[in-house]
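Here is the structure we will look at, set down as structure tokens.
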Amino acid sequence: MDGPSGFPSADPAEIPSAPRPAVTGTLYGVGMGPGDPDYLTVRAVRVLERAHHLVHFCKAGRRGNARTIADAVVRDAAREWPLPYPYTTELHPEDPTYVAALAGFYDEAAKDLAAVLEAGRDVAILSEGDPFFYGSFMHLWRRLKDRFPVEVVPGVTGMSGCWTRAGTPITWGDDVLTVLPATLPHATLVARLSSTDAAVVMKLGRHLPKVRAALTEAGLIDRAVYVERGTMAGESVTPLSQKPDDRAPYFSMVLVPGEGRRP
């Protein structure tokens with residue numbers, strides 16, 4: 001039997017159906033802000049409310065701070081998925097054992113998350129501050145981004161929360177801001193601090209004495225502001241020159257505000 005164009009009509013039963021695209025879950029990197037849940041974005045709240053799994057990095061036996069922030073929005077333990085780090089401060093980040101353990105940790109976590117995403121379930125990885133700013137999320141993103149839909153929800157960074165709560169504008173006019181990890185060698189810190197207008201020094205911990213010495217050598221100690229647990233319970237803000245000890249928890253940083261052009 002011919003079709004309208006004169007060509008033979010095919011039996012519909014003989015026409016192969018087009019392959020249907022696989023439906024997978026979406027990987028979300030959710031910026032949880034600096035600590036105070038009032039700084040969560042509307043988009044972050046919407047993702048937290050609907051994601052099938054709420055993944056958070058943590059120290060073994062503890063809840064991650066990002067997950068604690070989420071308590072203001074969700075209290076659903078059934079969706080909670082902790083990822084305990086194999087190491088936190090026990091080894092130096094450049095120790096080969098540390099590097100190998102972290103690589104294996106991220107590989108295994110990515111494999112587990114891929115299985116859930118392939119089943120069509122959405123995964124939200126909770127990230128303190130912003131997911132693309134020193135975030136552990138990036139290591140999973142790098143391993144999964146070419147296989148699954150991804151949405152990164154930006155968040156208020158920890159440093160933004162700290163300079164806001166300290167009442168310290170960080171840049172004026174044409175000031176250049178440099179963000180430094182305190183893990184850098186002393187000489188590198190001095191060089192970087194000496195060549196910038198404003199600075200944020202993160203990842204303090206046991207490196208605070210080195211940072212204090214570098215700021216002194218760079219002539220910036222009198223401008224340096226120490227902020228501990230900015231926007232969180234137990235917040236503390238003080239000039240670094242007046243801090244009487246060298247203790248600094250994970251959630252702390254030093255701000256060096258710029259002194260640039262002001263109309």
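Using full-length UniProt numbering, the letters of the sequence shown map in sequence onto residues 1 to 263.
Where a beta carbon is used, it is the ideal one built from N, C-alpha and C, also for glycine.
Here's a check: name, in chain order, each residue in its chain whose Cβ is nearer than 8 Å to the Cβ of residue i, leaving out the five neighbours to either side.
i, result
"residue 71", "37"
"residue 241", "221, 222, 224"
"residue 116", "25, 52, 53, 123"
"residue 5", "Reliability of the predicted coordinates at residue 5 is poor, the pLDDT of 45 falling under 50, and the value obtained from them is presented with this limitation in mind. Here the set comprises nothing."
"residue 145", "27"
"residue 120", "23, 24, 25"
"residue 79", "51, 52, 53, 54"
Taking all protein chains shown into account, do 16 or more other C-beta atoms lie within 10 angstroms of the C-beta of residue i, making it buried, or fewer, making it exposed?
i, result
"residue 248", "buried"
"residue 200", "buried"
"residue 114", "buried"
"residue 338", "Nothing about residue 338 can be reported from this structure: the residues present for the chain run from 1 to 263 only."
"residue 130", "buried"
"residue 233", "exposed"
"residue 252", "buried"
"residue 108", "exposed"
"residue 263", "exposed"
"residue 206", "exposed"
"residue 64", "buried"
"residue 229", "buried"
According to DSSP, is residue i part of a helix, a strand, or is it coil?
i, result
"residue 124", "strand"
"residue 205", "helix"
"residue 106", "helix"
"residue 115", "helix"
"residue 158", "helix"
"residue 238", "strand"
"residue 220", "coil"
"residue 200", "strand"
"residue 253", "strand"
"residue 215", "helix"
"residue 176", "coil"
Going along the chain, which residues of its own chain have a beta-carbon closer than 6 Å to the beta-carbon of residue i, five neighbours each way excluded?
i, result
"residue 163", "170, 255"
"residue 281", "Since the first residue shown for the chain is 1 and the last is 263, residue 281 is missing from the structure and cannot be characterised."
"residue 166", "225, 227, 237"
"residue 210", "186"
"residue 231", "34, 35, 36, 161, 165"
"residue 217", "190"
"residue 156", "33, 34, 39"
Residue i and residue j look like a contact to me (Cβ under 8 Å); what is the Cβ gap, rounded to whole Å?
i, j, result
"residue 39", "residue 161", "7 Å"
"residue 179", "residue 27", "No, residue 179 and residue 27 are not in contact; Cβ-Cβ is about 26 Å, not under 8 Å."
"residue 177", "residue 198", "5 Å"
"residue 143", "residue 110", "4 Å"
"residue 140", "residue 98", "Going by Cβ atoms, the distance from residue 140 to residue 98 rounds to 18 Å, so no, they are not a contact pair."
"residue 203", "residue 183", "6 Å"
"residue 323", "residue 239", "Look at the range of the chain in this structure, 1 to 263, and you will see that residue 323 is not part of it."
Under 7 Å Cβ to Cβ from residue i, same chain only, skipping five residues before and after it: list those, please.
i, result
"residue 147", "114"
"residue 174", "260, 261"
"residue 243", "226"
"residue 49", "73, 74"
"residue 128", "32, 65, 66, 158"
"residue 118", "24"
"residue 194", "218"
Please confirm if residue i has its CB atom under 8 Å from at least one CB of chain D.
i, result
"residue 135", "Looking for chain D here will not work: only one protein chain is present."
Please specify which runs of the beta strand (DSSP E), each continuous and at least 3 residues long, are wholly inside the region 21 to 103, giving them in chain order.
27 to 31, 53 to 58, 80 to 84
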